[in-house]
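Student: Below is a structure I'd like to ask you about.
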Amino acid sequence: MKVIVQEAEFDPWKAVSEYQAEHLAEGKHGGSVTFIGTMRDFNDGVDGISNMYLDHYPGMTEKHIERVCQEALKQWDVMDALVVHRVGAIEPNDAIVLVAVWSAHRAMAFDACRFVINDLKHRAPFWKREATEEGERWVEGNSVDAVADQYSNAKKAG
Amino acid sequence: MKVIVQEAEFDPWKAVSEYQAEHLAEGKHGGSVTFIGTMRDFNDGVDGISNMYLDHYPGMTEKHIERVCQEALKQWDVMDALVVHRVGAIEPNDAIVLVAVWSAHRAMAFDACRFVINDLKHRAPFWKREATEEGERWVEGNSVDAVADQYSNAKKAG
Amino acid sequence: MKIAVKYFASMRDIMGKTDESVELNDDANITDLWAKVSTSTMPENTLIAVNMEYTSQAHKLVDGDEVAFFPPVTGG
Amino acid sequence: MKIAVKYFASMRDIMGKTDESVELNDDANITDLWAKVSTSTMPENTLIAVNMEYTSQAHKLVDGDEVAFFPPVTGG
């Protein structure tokens with residue numbers, strides 16, 4: 001299990017591919033589920049977001065995400081997990097977050113990956129500041145995604 | 159949207175990365191969810207599976223998966239989807255299937271990806287033949303995953 | 317009418333062939349087709365496709381249809 | 393006792409600082425700490441961590457604790 005919080009840009013597919021080659025035993029995991037969050041150039045109806053600054057609480061952020069991953073490994077039949085999260089200045093189309101989990105069975109991989117990213121969105125100490133055409137603003141909670149989560153609960157694909 | 163059924167080995171992360179660079183508009187999707195199914199060297203309690211042959215119904219397989227992807231694009235707020243599925247001779251640790259979906263919001267990406275891979279497992283005309291130490295055998299349905307799905311329904315992470 | 321029949325996976329072992337061409341009376345359905353190609357009952361869980369779409373045994377055939385019989389799928 | 397206090401995101405703008413060191417009586421809790429650092433009521437939805445773990449206003453502090461105040465998180 002590995003949690004990386006970094007300022008540097010990263011290629012999420014390269015990261016997950018390299019981690020698997022280094023850390024996963026061959027032929028033992030049946031499925032891996034990966035979530036990649038990418039910076040959009042719009043948010044909450046505001047277009048033309050030129051860039052974003054992601055603040056965090058150094059130390060607590062890593063500790064919190066590590067605990068969540070450990071919980072996921074315990075709660076589901078998950079073999080390994082990798083989380084990479086950017087902080088600092090982020091440009092549109094940059095990958096912000098990668099959550100990858102490996103399991104013998106796909107349903108558990110989906111559940112565990114979703115559990116980690118949901119917790120990360122709602123509990124890990126990160127804060128977004130966006131630069132719009134009208135100036136800078138702190139983003140006020142993941143409201144749009146909360147609505148999407150609710151929608152999802154009513155419409156689960158099984 | 160693209161559906162590829164092929165005999166050749168493939169690198170799933172390279173495939174999804176290249177597809178995104180070619181087909182997805184920059185800064186418009188907020189999340190992508192990827193499922194990668196990998197060949198294990200055990201199945202249904204049988205160890206030492208040395209290789210596998212994946213039979214399919216040429217024509218119907220592609221047609222069926224394309225229809226399922228189109229359904230996913232319609233049912234959720236999904237922008238694009240990529241499916242790559244191997245057929246023919248497959249070795250342990252090979253990627254068998256890749257399902258990648260892109261959406262503005264993560265909950266929809268999770269639901270749509272899960273919908274596609276579940277249908278693909280239960281409805282797309284593929285058949286596995288495994289070579290074990292006792293000889294060849296046709297695999298009899300995705301029973302272990304059916305159990306895992308059930309488990310997952312009772313324990314949804316939201 | 318003429319029907320193209322295909323078998324996949326364990327259904328190939330059961331039938332001893334991969335495909336055949338069958339001559340049927342007009343108005344025949346899948347049940348009639350099966351009676352023509354086999355003296356055994358259709359294995360439980362057999363899946364049926366006509367022109368690459370899933371269907372049931374009651375499906376009425378037309379000249380030139382492609383019919384496939386196969387066991388439960390195991391992809392992914 | 394001595395408490396290290398940190399502020400993040402919009403809480404920095406509200407407090408006008410990023411961190412400070414506060415001297416408190418023994419047995420003080422988070423509510424007492426807030427009363428010491430601000431004359432306003434704590435903004436609704438403020439999250440509190442002691443030694444990098446989430447906690448509530450009733451949490452009793454001990455010498456050397458690190459306390460952080462911040463708004464709802466927006467990662468991912």
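Residue numbers (the numbering used here), protein chains in the order written: chain Z, 1 to 158; chain P, 159 to 316; chain F, 317 to 392; chain S, 393 to 468. Glycine residues also receive a C-beta, built at the ideal position from the N, C-alpha and C atoms.
At least one CB of chain B closer than 7 Å to the CB of ASP199(P): is that the case?
Tutor: Absent here is chain B; the protein component of the structure consists of chains Z, P, F and S.
Student: Give me the subset of the stretch 262-278 of chain P whose CB atoms are less than 7 Å from a CB atom of chain F, sorted by chain position.
Tutor: Only those residues of the stretch 262-278 of chain P whose C-beta falls short of 7 Å from the nearest C-beta of chain F are listed: ILE275 and LEU278.
Student: So which residues of chain P does GLY332(F) contact, with C-beta pairs closer than 9 Å?
Tutor: The residue you call residue 332(F) lines up with position 16 of the third sequence. Those within 9 Å of GLY332(F) in chain P number zero; the least Cβ separation is about 15 Å.
Student: Measuring straight from C-alpha to C-alpha, what distance separates GLY456(S) and LYS394(S)?
Tutor: Counting from 1 along the fourth sequence, the entry for residue 456(S) is found at position 64. Counting from 1 along the fourth sequence, the entry for residue 394(S) is found at position 2. For GLY456(S) and LYS394(S), the distance between alpha carbons rounds to 6 Å.
Student: For the 8 Å Cβ check, are there 3 or more pairs between the stretch 173-187 of chain P and the stretch 83-99 of chain Z?
Tutor: yes
Student: Quick one: using the 10 Å Cβ neighbour count with 16 as the cut-off for buried, is LEU453(S) buried or exposed?
Tutor: In the fourth sequence, counting from the first residue as 1, residue 453(S) sits at position 61. Per the 10 Å Cβ criterion, buried.
Student: Are the beta-carbon atoms of PHE324(F) and TYR215(P) separated by less than 7 Å?
Tutor: Here residue 324(F) refers to the residue found at position 8 when the third sequence is read from its first residue. Here residue 215(P) refers to the residue found at position 57 when the second sequence is read from its first residue. Yes, the pair counts as a contact, with Cβ atoms nearer than the cut-off.
Student: Let's test the definition: count the other Cβ atoms within 10 Å of the Cβ of LYS128(Z) and tell me whether it reaches 16, buried, or not, exposed.
Tutor: Taking the first sequence and counting its residues from 1, one reaches residue 128(Z) at position 128. The residue in question, LYS128(Z), is buried, as its Cβ has 16 or more Cβ neighbours within 10 Å.
Student: Hey, ALA109(Z) and SER50(Z): beta-carbon distance below 7 Å or not?
Tutor: Position 109 of the first sequence, counted from the first residue, corresponds to residue 109(Z). Position 50 of the first sequence, counted from the first residue, corresponds to residue 50(Z). The answer is no: Cβ separation not under 7 Å.
Student: Identify which residue in ASP418(S), ASN417(S) and MET403(S) has its Cα closest to the Cα of ASP411(S).
Tutor: As a working mapping, residue 411(S) is identified with position 19 in the fourth sequence. The option with the nearest alpha carbon to ASP411(S) is MET403(S).
Student: Using a Cβ-Cβ cut-off of 7 Å (strictly less than) and excluding sequence neighbours within five positions of GLU9(Z), which residues of its own chain qualify?
Tutor: Translated into positions along the first sequence, residue 9(Z) becomes position 9. Within the same chain, GLU9(Z) has close Cβ partners ASP94.
Student: Determine which residues share a DSSP beta bridge with ASN345(F) and list them.
Tutor: In the third sequence, counting from the first residue as 1, residue 345(F) sits at position 29. In DSSP, ASN345(F) forms a bridge with LYS376(F).
Student: Anything in chain S within Cβ reach of VAL139(Z), meaning under 8 Å, just list it in chain order.
Tutor: Position 139 of the first sequence, counting from 1, holds the residue named residue 139(Z). Neighbours of VAL139(Z) on chain S, chain order: THR466.
Student: Please tell me whether GLY195(P) has its Cβ less than 7 Å away from any Cβ of chain F.
Tutor: Translated into the one-based positions of the second sequence, residue 195(P) becomes position 37. Closer than 7 Å to some Cβ of chain F, the Cβ of GLY195(P) qualifies, so yes.
Student: Whole angstroms are fine: how far does the CA of MET434(S) sit from the CA of GLN75(Z)?
Tutor: Here residue 75(Z) refers to the residue found at position 75 when the first sequence is read from its first residue. Here residue 434(S) refers to the residue found at position 42 when the fourth sequence is read from its first residue. Going by the C-alpha atoms only, they are around 36 Å apart.
Student: Less than 7 Å between CB atoms is the rule here; does PHE400(S) satisfy it with respect to chain Z?
Tutor: Sequence index remark: in the fourth sequence, residue 400(S) carries index 8 (1-based). Interface residue, yes.
Student: Nearest to GLU136(Z) by alpha carbon, out of ALA100(Z), ALA89(Z) and ALA107(Z)?
Tutor: Position 136 of the first sequence, counted from the start, is the residue given in the question as residue 136(Z). Residue ALA89(Z) is the option with its Cα nearest to GLU136(Z).
Student: Based on Cα-Cα distance, which residue from ARG40(Z), SER32(Z) and ASP41(Z) lies nearest to MET197(P)?
Tutor: As a working mapping, residue 197(P) is identified with position 39 in the second sequence. When each option's Cα is compared against that of MET197(P), the closest is SER32(Z).
Student: In this structure, how does DSSP classify ASN209(P) when only helix, strand and coil are distinguished?
Tutor: Within the second sequence, the letter at position 51 stands for residue 209(P). Strand at ASN209(P).
Student: So, for VAL163(P): in the same chain, excluding its five sequence neighbours on each side, which residues have a beta-carbon less than 7 Å away from its beta-carbon?
Tutor: Along the second sequence, one-based indexing puts residue 163(P) at 5. Contacts found: HIS214, THR219, GLU220, HIS243 and VAL245.
Student: Hey, could you find the ends of the alpha helix (DSSP H) VAL68(Z) is sitting in?
Tutor: Working through the first sequence from its first residue, we reach residue 68(Z) at position 68. 60-75 is the span of the alpha helix (DSSP H), which, as asked, contains VAL68(Z).
Student: Could you give the distance in angstroms between the alpha-carbon of VAL465(S) and the alpha-carbon of GLU140(Z)?
Tutor: One-based indexing of the fourth sequence puts residue 465(S) at position 73. One-based indexing of the first sequence puts residue 140(Z) at position 140. For VAL465(S) and GLU140(Z), the distance between alpha carbons rounds to 8 Å.
Student: Starting from MET237(P), trace the beta strand (DSSP E) in both directions and tell me its first and last residue.
Tutor: Looking up residue 237(P) in the second sequence gives position 79. Residues 236-244.
Student: If distances are taken between C-alpha atoms only, which option among THR423(S), ASP405(S) and PHE461(S) comes closest to ALA451(S)?
Tutor: Locating residue 451(S) in the fourth sequence gives position 59, counting from the first residue. It should be noted that the sequence gives His, not Ala, for residue 451(S). Here the closest residue by C-alpha is THR423(S).
Student: For VAL255(P), go through chain F and note every residue whose CB falls closer than 8 Å to its CB, in chain order.
Tutor: The residue given as residue 255(P) occupies position 97 in the second sequence. Those within 8 Å of VAL255(P) in chain F are GLY391 and GLY392.
Student: In chain P, which residues lie less than 9 Å from ALA384(F) when you measure between Cβ atoms?
Tutor: For this step, residue 384(F) is matched to residue 68 along the third sequence. TYR215, MET218 and PRO283, listed in chain order.
Student: Please state whether the Cβ-Cβ distance between VAL78(Z) and SER103(Z) is less than 7 Å.
Tutor: Sequence index remark: in the first sequence, residue 78(Z) carries index 78 (1-based). Sequence index remark: in the first sequence, residue 103(Z) carries index 103 (1-based). Yes. Within cutoff.
Student: Scan the stretch 9-31 of chain Z for residues whose Cβ lies nearer than 8 Å to a Cβ of chain P and list them as they occur along the chain.
Tutor: Result list: ASP11, TRP13, LYS14, VAL16, SER17, GLU26, GLY27, LYS28, HIS29, GLY30 and GLY31.
Student: Beta-carbon within less than 8 Å of THR447(S)'s beta-carbon, same chain only, minus the 5 sequence neighbours each way: which residues are those?
Tutor: Locating residue 447(S) in the fourth sequence gives position 55, where the first residue counts as 1. ILE422, ILE440 and ALA441, listed in sequence order.
Student: Could you name the residues of chain Z that PRO435(S) contacts, counting a contact when the two beta carbons are closer than 9 Å?
Tutor: For the purposes of this step, residue 435(S) is identified with residue 43 of the fourth sequence, where counting begins at 1. Within 9 Å Cβ-Cβ: nothing; PRO435(S) doesn't reach chain Z, min ~12 Å.
Student: Are the CB atoms of GLY332(F) and PHE284(P) within a distance shorter than 7 Å?
Tutor: As a position in the second sequence, residue 284(P) is number 126, starting the count at 1. As a position in the third sequence, residue 332(F) is number 16, starting the count at 1. Taking 7 Å as the Cβ cut-off, PHE284(P) and GLY332(F) do not qualify as a contacting pair.
Student: Could you name the residues of the same chain whose beta carbon sits closer than 7 Å to that of VAL3(Z), not counting the 5 residues immediately before and after it, in chain order?
Tutor: For the purposes of this step, residue 3(Z) is taken as the residue at position 3 of the first sequence. Closer than 7 Å at Cβ, skipping near neighbours: GLU62, ILE65, GLU66, CYS69 and VAL83.
Student: Could you tell me whether the Cβ of LYS128(Z) comes closer than 7 Å to any Cβ of chain S?
Tutor: By 1-based counting over the first sequence, the position of residue 128(Z) is 128. Chain S, which has a Cβ nearer than 7 Å to the Cβ of LYS128(Z), makes this yes.
Student: Cβ closer than 8 Å: which chain Z residues qualify as neighbours of MET444(S)?
Tutor: Against the fourth sequence, residue 444(S) aligns to sequence position 52. Correct list: TYR57, GLY59, MET60, LYS63 and HIS64.
Student: List the endpoints of the continuous alpha helix (DSSP H) containing TYR177(P).
Tutor: For the purposes of this step, residue 177(P) is identified with residue 19 of the second sequence, where counting begins at 1. DSSP places TYR177(P) inside the alpha helix (DSSP H), whose first and last residues are 170-181.
Student: What number of angstroms, rounded off, separates the C-alpha of PRO431(S) from the C-alpha of ILE406(S)?
Tutor: The residue you call residue 431(S) lines up with position 39 of the fourth sequence. The residue you call residue 406(S) lines up with position 14 of the fourth sequence. Note that residue 431(S) is Thr in the sequence shown here, rather than Pro. In this structure, the alpha-carbon of THR431(S) lies about 12 Å from that of ILE406(S).
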